[in-house]
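Chemist: Encoded as structure tokens, here's the structure I'll be asking about.
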Amino acid sequence: STQLVILKTDTRYHDKPSLFAWPSHIVPLGRHVELQCDSPSDYYTFKLYKELCHPIPHIQGRPFQKKFVVGPVTSEHAGTYRCYGFNDHYPTKISANSDPLKIIISGIFKKPFLLALPTPLVDLGEKVTLESDIKYFKKELVRHMICLALLVEDL
Numbered sequence: 001s002t003q004l005v006i007l008k009t010d011t012r013y014h015d016k017p018s019l020f021a022w023p024s025h026i027v028p029l030g031r032h033v034e035l036q037c038d039s040p041s042d043y044y045t046f047k048l049y050k051e052l053c054h055p056i057p058h059i060q061g062r063p064f065q066k067k068f069v070v071g072p073v074t075s076e077h078a079g080t081y082r083c084y085g086f087n088d089h090y091p092t093k094i095s096a097n098s099d100p101l102k103i104i105i106s107g108i109f110k111k112p113f114l115l116a117l118p119t120p121l122v123d124l125g126e127k128v129t130l131e132s133d134i135k136y137f138k139k140e141l142v143r144h145m146i147c148l149a150l151l152v153e154d155l
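What follows is the structure, given as structure tokens:
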């Protein structure tokens with residue numbers, strides 16, 4: 001079940017914190033990334049959440065002080081994140097949400113190969129067989145093969 005929390009906040013405080021990833025928003029599978037939420041205002045604590053996806057329990061809504069280390073990352077960590085700040089002494093003083101930060105996990109898919117048989121160089125009119133181990137991009141491969149066939153036909 002999804003929990004919805006509605007807070008009435010003091011509208012005078014709308015400073016938007018900045019959210020960024022260190023060392024990069026592109027994170028290799030199995031590595032760690034440090035998410036940093038910062039604000040020039042007097043927000044002492046921040047909360048981080050992932051948009052539009054299944055929440056990650058150890059991240060979603062957990063208070064932290066400016067820096068939060070995530071990892072080792074899996075494909076579940078990919079997505080768009082935001083943070084907001086608040087002050088423990090003034091519960092209704094909540095910042096606006098940060099701009100979105102998209103975390104991309106690299107290394108999830110192995111590098112595909114494309115092989116031309118019997119050789120990559122063929123004379124006009126000869127048959128060529130293309131082989132690949134691409135499972136995830138079959139549609140794209142077919143599109144490229146059609147383009148290649150049309151180019152050869154135009155020669």
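All residue numbers for the sequence shown refer to the UniProt record's numbering, where the first residue is 1 and numbers rise by one. Where a beta carbon is used, it is the ideal one built from N, C-alpha and C, also for glycine.
What did DSSP end up calling residue 34 once you bin it into helix, strand or coil?
Modeler: strand
Chemist: Buried or exposed for residue 113, please, with buried defined as at least 16 other CB atoms from any protein chain shown within 10 angstroms of its CB.
Modeler: Counting Cβ neighbours within 10 Å, residue 113 comes out exposed, since fewer than 16 surround it.
Chemist: Taking only three categories from DSSP, how would you classify residue 75?
Modeler: helix
Chemist: Below 8 Å on the Cβ atoms is my contact criterion, and I expect residue 79 with residue 46 to pass it. Report the Cβ-Cβ distance as a whole number of Å.
Modeler: At roughly 18 Å, the Cβ-Cβ gap does not stay under 8 Å, so residue 79 and residue 46 are not in contact.
Chemist: Could you pull the DSSP bridge partners for residue 103 from this structure?
Modeler: 79
Chemist: Closest to residue 105 by CA distance: which of 38, 30, 22, 20 is it?
Modeler: 30
Chemist: Taking the CB atoms as reference points, tell me whether residue 66 and residue 38 lie closer together than 7 Å.
Modeler: yes
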